[in-house]
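To convert a position in the sequence shown, counted from 1, into the numbering used here, add 3.
Think of the CB as a built atom: it goes at the ideal place given N, C-alpha and C, for glycine as much as any other residue.
These notes concern the structure reproduced below.
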Amino acid sequence: MASPQQQPIDITGPEEVVEFGPAPPSRARWNSTTLRSLAADRRAVPLTAVLAAAAFFAAIISEWQITTVDQQFSLSGVGRVALPTGVADLGALGTGFMIGVFLLAVTIVLTMFGPPAGRHYARLMGLSAGGTLLGLLFAITFVLGSDSRTVPRTFIEVDRNDVQIAYGRGVWCAVAGAILALIALYLAGRHVSPAAGETGAAGDTVEHVDEPAAVWSWRRPPAPNGDQRPDEPLGLTVMPAQPFTPAPGDRDHPNGSHGISG
4 MASPQQQPID ITGPEEVVEF GPAPPSRARW NSTTLRSLAA DRRAVPLTAV LAAAAFFAAI
64 ISEWQITTVD QQFSLSGVGR VALPTGVADL GALGTGFMIG VFLLAVTIVL TMFGPPAGRH
124 YARLMGLSAG GTLLGLLFAI TFVLGSDSRT VPRTFIEVDR NDVQIAYGRG VWCAVAGAIL
184 ALIALYLAGR HVSPAAGETG AAGDTVEHVD EPAAVWSWRR PPAPNGDQRP DEPLGLTVMP
244 AQPFTPAPGD RDHPNGSHGI SG
């Protein structure tokens with residue numbers, strides 16, 4: 004009698020792979036919530052103001068235009084020489100820029116540290132001065148890109164093909180400073196209360212509410228009054244507990260005990 008034929012054993016493993024351990028972390032994505040939380044942080048206002056001040060300082064000490072001209076038209080020799088143009092060489096445009104920077108600095112300081120009743124108006128003045136300064140900088144950029152500010156004072160007659168004009172670092176630093184100053188004033192409006200008697204959107208007069216002044220500090224603001232502990236002393240009563248309460252007429256033994264009996 005023939006034995007039944009055995010089926011071959013399939014030793015091929017499954018295609019699925021079992022992995023152990025925690026799941027890989029998902030990649031962080033930039034969303035609008037992070038941007039809103041960053042804008043609501045009070046520390047962003049002084050940080051942006053400091054960056055604007057640094058940009059304006061760099062614009063004042065840097066060159067605004069670099070003119071490269073062939074030196075054969077001068078009396079000193081031949082070759083190409085670069086002539087920088089600073090903010091002092093811009094004439095009336097440079098004076099307007101310095102006045103705008105001064106107004107922005109004053110309005111930002113008043114918005115951050117001035118009297119609470121005038122911070123709102125100082126912020127509006129700063130936004131107006133910043134917008135005007137930004138328009139002036141665009142006009143300066145157009146002028147510096149077309150004509151040289153140093154060639155007419157240095158050379159008598161120069162062919163335009165022998166002159167190369169390029170923007171300096173001062174222009175870009177000035178534009179960056181104006182934009183950062185406007186951002187600082189805009190963010191400060193989130194923490195500045197409206198002035199007394201201001202008219203709302205529906206025509207109603209907004210009453211002035213005495214609110215604490217904004218604190219531009221790197222530390223977190225103090226906790227509100229509801230979370231602070233009361234200043235009144237706690238009413239505590241200290242009384243003896245069992246079995247150390249003395250019985251009436253017997254102060255030598257504990258209550259309910261007359262010693263150890265054999």
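For the pair Gly173 and Arg39, the Cα-to-Cα distance works out to about 31 Å. Selection Gly89, Met242 and Leu183 evaluated against Ile63 yields Gly89 as nearest (Cα-Cα). Its Cα nearest to that of Ala61, the residue Ala179 stands out among Thr98, Gly121, Ala179 and Leu139. It is roughly 13 Å from the alpha-carbon of Ala142 to the alpha-carbon of Trp175. Val146 is classed as exposed because its beta carbon has fewer than 16 other beta carbons within 10 Å across all chains shown. In the assembly as shown, Met242 is an exposed residue. Its beta-carbon has fewer than 16 other beta-carbons within 10 Å. If only uninterrupted beta strand (DSSP E) runs of at least 3 residues are considered, those enclosed by the segment 132-195 are 166-170. With respect to the 8 Å criterion, Glu66 and Gly148 are not classified as neighbours on the basis of their beta carbons. Secondary structure note for Val84: its beta strand (DSSP E) is the uninterrupted segment Arg83 to Thr88. Taking the Cα positions, Val112 is about 47 Å away from Asp165. Of all alpha-carbon atoms in Ile182, Thr110, Leu139 and Leu54, the one lying nearest the alpha-carbon of Thr98 is that of Leu139. Less than 8 Å divides the Cβ of Leu190 from the Cβ of Thr51. Around the CB of Ser151, 16 or more other CB atoms lie within 10 Å, so the residue is classed as buried. For Gly103, the CB contacts under 7 Å within the same chain, skipping 5 residues up- and downstream, are Ala132, Thr135, Leu136 and Leu139 in chain order. At the C-beta level, Leu183 and Ala58 come within 8 Å of one another. Per DSSP, the unbroken alpha helix (DSSP H) holding Ala57 starts and ends at Ala47 to Ile64. Looking at Leu127, Thr153 and Gln68, the one whose alpha-carbon comes closest to that of Ile186 is Leu127. In the three-state scheme derived from DSSP, where H, G and I count as helix and E and B as strand, Thr240 is classed as coil. Shortest Cα-Cα distance from Leu86 to any of Ala169, Met101 and Ile69 involves Ile69.
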